[in-house]
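**Q**
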Amino acid sequence: MRTRIETERGGVHGPFQVLVRSRGPGDRLERLSTACMAESALPPRLRELTLLTVARLLDAQHSWLAHVGKGRAAGLDPAALDRLARGEDPGFARRDEVLLHRFVGQALTGHFVDDDTYASALAEFGEETLVDLTVCLGTFATLALLLNVFQVDLPPDAAPPFPDVTGFQRARPGAGSS
Numbered sequence: 065m066r067t068r069i070e071t072e073r074g075g076v077h078g079p080f081q082v083l084v085r086s087r088g089p090g091d092r093l094e095r096l097s098t099a100c101m102a103e104s105a106l107p108p109r110l111r112e113l114t115l116l117t118v119a120r121l122l123d124a125q126h127s128w129l130a131h132v133g134k135g136r137a138a139g140l141d142p143a144a145l146d147r148l149a150r151g152e153d154p155g156f157a158r159r160d161e162v163l164l165h166r167f168v169g170q171a172l173t174g175h176f177v178d179d180d181t182y183a184s185a186l187a188e189f190g191e192e193t194l195v196d197l198t199v200c201l202g203t204f205a206t207l208a209l210l211l212n213v214f215q216v217d218l219p220p221d222a223a224p225p226f227p228d229v230t231g232f233q234r235a236r237p238g239a240g241s242s
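The sequence shown begins at 65 in this note's numbering and counts up by one.
This is the structure we're talking about:
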């Protein structure tokens with residue numbers, strides 16, 4: 065598996081450093097993550113928004129740093145992403161981004177999606193895309209957990225993107241202030 069990942073991904077980085085330690089599920093999860101990125105019905109802009117929303121909600125700084133540039137390149141508003149990184153309402157201007165962000169947030173934080181959000185998401189995205197969205201957000205959440213549980217460090221030259229996270233824990237309120 066390591067050789068395949070090195071060849072296909074140009075190295076073993078991020079959560080894949082952990083996945084190579086698991087022959088069965090690790091290999092399958094890596095392949096599923098590839099499918100989410102390359103084969104899902106989600107357009108690139110919404111796929112990156114899904115990944116970045118999951119990264120922020122699960123405090124996966126490594127994942128955020130690996131994808132925030134891709135999100136901007138895919139057409140996400142940089143100012144909205146900056147607000148999202150700070151844990152604020154991102155204030156997305158596009159209806160599909162507002163809806164996707166709400167759907168992912170409800171699914172991950174409340175473990176359910178309310179009827180209105182579900183109906184709106186189904187009407188906006190269609191059934192196949194909604195299924196892909198849910199599979200991908202679960203996959204991205206698993207990768208985020210791997211990064212945090214196994215404490216995969218940020219690249220040495222990278223500044224931590226989330227002001228309320230220090231290392232691999234939430235910063236204490238007021239910590240660092242004088």
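Note that CB positions come from ideal geometry on N, CA and C, so glycine has one too.
1) For L85, which three-state DSSP category applies?
2) Are A157 and D141 touching if we call contact CB-CB under 8 Å?
3) I need the straight-line Cα distance from D228 to A185, nearest angstrom please.
4) State the start and end residues of the unbroken alpha helix (DSSP H) segment that holds P142.
5) On the DSSP letters alone, give me the boundaries of the alpha helix (DSSP H) that L210 sits inside.
6) What three-state label does DSSP hand R158 in the structure shown?
7) Does the separation of the CB atoms of Q170 and D179 fall below 8 Å?
8) So what's G240 in DSSP terms, helix, strand or just coil?
9) Between which two residues does the alpha helix (DSSP H) carrying A137 extend?
10) Let me know if V82 comes out buried or exposed under the rule of 16 or more other beta-carbons within 10 Å of its beta-carbon.
11) Could you tell me the alpha carbon to alpha carbon distance between L145 and P154, rounded to whole angstroms?
12) May I ask you to verify whether the segment 208–225 touches the segment 192–200, counting CB pairs closer than 8 Å and requiring at least 3?
13) What are the partner residues of V229, as DSSP defines its beta bridges?
**A** In this structure, then:
1) Before going on, a small fix: residue 85 reads as Arg here, not Leu. Under the three-state reduction of DSSP, R85 is assigned to coil, being neither helix nor strand.
2) yes
3) 30 Å
4) 142–149
5) 191–213
6) coil
7) no
8) Below a pLDDT of 50, predicted positions are generally treated as unreliable, and G240, at 47, falls in that range; the measurement from the model is reported next regardless. Here G240 sits in coil by DSSP.
9) For A137, the uninterrupted alpha helix (DSSP H) segment begins and ends at 125–137.
10) buried
11) 6 Å
12) Counting Cβ pairs under 8 Å, fewer than three are found: no touch.
13) R234
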